[in-house]
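Trainee: Could you have a look at this structure, given as structure tokens, before my questions?
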Amino acid sequence: MTNNTATTYDGDVTLNGSEQSPVEIQDPADVFVGGESITGDLTVQNAEYVFTHTPVSGAAAVSKGETETNIRGTLEDGYVQSVDGDVLLTDAEDVFIAADAVDGAVSAPGAENVYTDESIPVDSPDKYDVSTFGWQQSGSATDPESGVYAVGMDHDIELEAVRRDVDLYLVGHGHDVRVDGRGASVSVHFVGYDNTVHVGPYLASAVETDTGFDNEIDADPYPAEDLVEMSRREAYSNAGFGRRKVTFQVPNEDDEWCPNCGQAAEAIIERHQMEAFFVFGWPLWTYDRSTNPARECENCSPNAVHAELSERERREIFD
Ligand SMILES: [Zn+2]
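Counted from 1, the sequence shown has number 144 at position 154 by our numbering; the numbering is strictly sequential.
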């Protein structure tokens, strides 16, 4: 214990590799442990909530009295970015541990609640288009290749022109991610709470893991107007004067299931036909009209943008 360094801090503390291990952080508020950050063991002693994608055992691997660096004071949040050796977190509020954060064992004795999931395959943070770490970070990417990796609190992230499948790996709380694009799918992993992902109408999305609570995907519905080739107004106006046959499509806002393909649908349209005597674009006298119009939806319409297009089809559409 002769070399034990006790450092008194005020506010947030970040472990970035300069501390002699084992390192103890005493009585912090929340602690965020980033991917590939600890080469030794991690023990979380008496935390309130622990959110983790790393398997957790009950027995302490790192004990008090063995630590070389002791960080205490009036601490706010802790960020673990890089430690060569073991880490002990004592009396933290909430602790968020990314997948593959720790080379050794993770233990959480005395935690009030542990939210855990099986280890899931996650790339290194630097393999993602946007990788953020810390408090109130922001980032964005256009035409991303892999997605987002965020660890910390209150990150504001935007992905634009997404046309390849992306993963969002979100650790912590208060993250807000907006994803827009076409013909691709968005797979989301949540580790923590109060995280929201907004997804544009032409993308498929799914929560792959939800390790925590109050996390959600807010997906815009597919716009039915997009499936309409010819609106009623346009068809009437094109009809001009005289007896004409017209075809047009109108959104059906009542149905939730498509009678054509049998799938749940956000956007359903009806294909109408009509033969009428038109005067200045108005059907004065109707001879015939379709009584049971054909319907189609975003899953079966030839006019829809599909998330499961092959790479070749995408190139044809987008290039
Ligand atoms: Zn359909």
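Backbone N, C-alpha and C fix where the C-beta goes; we use that ideal spot for every residue, glycine too.
Computed from a predicted structure; not experimentally measured.
Mind listing which residues have their beta carbon within less than 5 Å of any non-hydrogen atom of ligand 1? Chain order is fine.
Mentor: Cys248, Asn250, Cys251, Cys287, Asn289 and Cys290
Trainee: Taking a contact to mean a Cβ-Cβ separation below 7 Å, would you say Asp184 touches Gly164 in this structure?
Mentor: yes
Trainee: Could you spell out where the alpha helix (DSSP H) holding Ser114 opens and where it closes?
Mentor: That residue, Ser114, is in no alpha helix (DSSP H); it is neither H nor E in DSSP.
Trainee: Asp74 to Val167, Cα distance in whole Å?
Mentor: Their Cα atoms are separated by approximately 32 Å.
Trainee: For Arg261 and Ser280, what's the separation of their Cα atoms in angstroms?
Mentor: 9 Å
Trainee: When you compare each of Val104, Ala89 and Val96 to Glu83 by their alpha carbons, which one comes out closest?
Mentor: Val104
Trainee: With burial defined as no fewer than 16 other Cβ atoms inside 10 Å of the residue's Cβ, what is the status of Val141: buried or exposed?
Mentor: buried
Trainee: From this set, Trp125, Gly190 and Ser121, which residue's C-alpha is nearest Tyr159's C-alpha?
Mentor: Ser121
Trainee: Span of the alpha helix (DSSP H) holding Arg223?
Mentor: Arg222 to Ala229
Trainee: I need the straight-line Cα distance from Ser27 to Ser175, nearest angstrom please.
Mentor: 29 Å
Trainee: Buried or exposed: where does Asp200 fall if 16 or more other Cβ atoms within 10 Å of its Cβ makes it buried?
Mentor: buried
Trainee: If you check the beta carbons only, do Asp93 and Ser11 fall under 7 Å apart?
Mentor: no
Trainee: Suppose the cutoff is 6 Å on Cβ atoms and the five residues either side in sequence are ignored; what does the same chain contact list for Glu102 look like?
Mentor: Cβ-Cβ distances below 6 Å link Glu102 to Glu38 in the same chain, with the five nearest sequence neighbours on each side left out; the list follows chain order.
Trainee: Whether or not the region 53 to 62 and the region 111 to 127 are in contact is what I'm after, with contact meaning three or more pairs of Cβ atoms, one per stretch, closer than 8 Å; do they touch?
Mentor: no
Trainee: Looking at C-alpha atoms only, which residue of Trp272, Arg222, Val218 and Thr276 is the closest neighbour of Phe231?
Mentor: Ranking Trp272, Arg222, Val218 and Thr276 by CA distance to the CA of Phe231 puts Trp272 first.
Trainee: Provide the residue(s) that pair with Glu265 in DSSP beta bridges, ordered along the chain.
Mentor: Lys235 and Asp278
Trainee: Leaving out five residues on either side along the sequence, give the residues of the same chain with a beta carbon under 6 Å from the beta carbon of Asp20.
Mentor: Asp67, Glu83 and Asp84
Trainee: Indicate whether Phe22 and Gly202 have their beta-carbon atoms separated by less than 7 Å.
Mentor: no
Trainee: So the candidates are Asp133, Pro292, Asp208 and Arg62; which of them puts its Cα closest to the Cα of Thr(-2)?
Mentor: Arg62
Trainee: Provide the residue span of the beta strand (DSSP E) that contains Gln71, from first to last.
Mentor: Segment Thr59 to Ser72, the beta strand (DSSP E) holding Gln71.
Trainee: Under 7 Å, do Thr33 and Ala50 count as touching if we go by C-beta distance?
Mentor: Yes.
Trainee: In this structure, what does DSSP give as the bridge partners for Thr106?
Mentor: Thr42
Trainee: Answer with buried or exposed for Tyr139, where buried requires no fewer than 16 other C-beta atoms within 10 angstroms of its C-beta.
Mentor: buried
Trainee: In angstroms with no decimal places, state the Cα-to-Cα distance between Phe86 and Val181.
Mentor: 7 Å
Trainee: Secondary structure at Asp204, three-state DSSP: helix, strand or coil?
Mentor: coil
Trainee: With a 10 Å radius around its C-beta and 16 neighbouring C-beta atoms as the bar for buried, classify Glu215 as buried or exposed.
Mentor: exposed
Trainee: Between the alpha carbons of Val96 and Leu78, how many angstroms are there, rounded?
Mentor: 10 Å
Trainee: From the DSSP output, which residues share a beta bridge with Glu150?
Mentor: Thr132
Trainee: Could you give the uninterrupted runs of the alpha helix (DSSP H) lying entirely in the region 150 to 184, keeping only those of 4 residues or more?
Mentor: none
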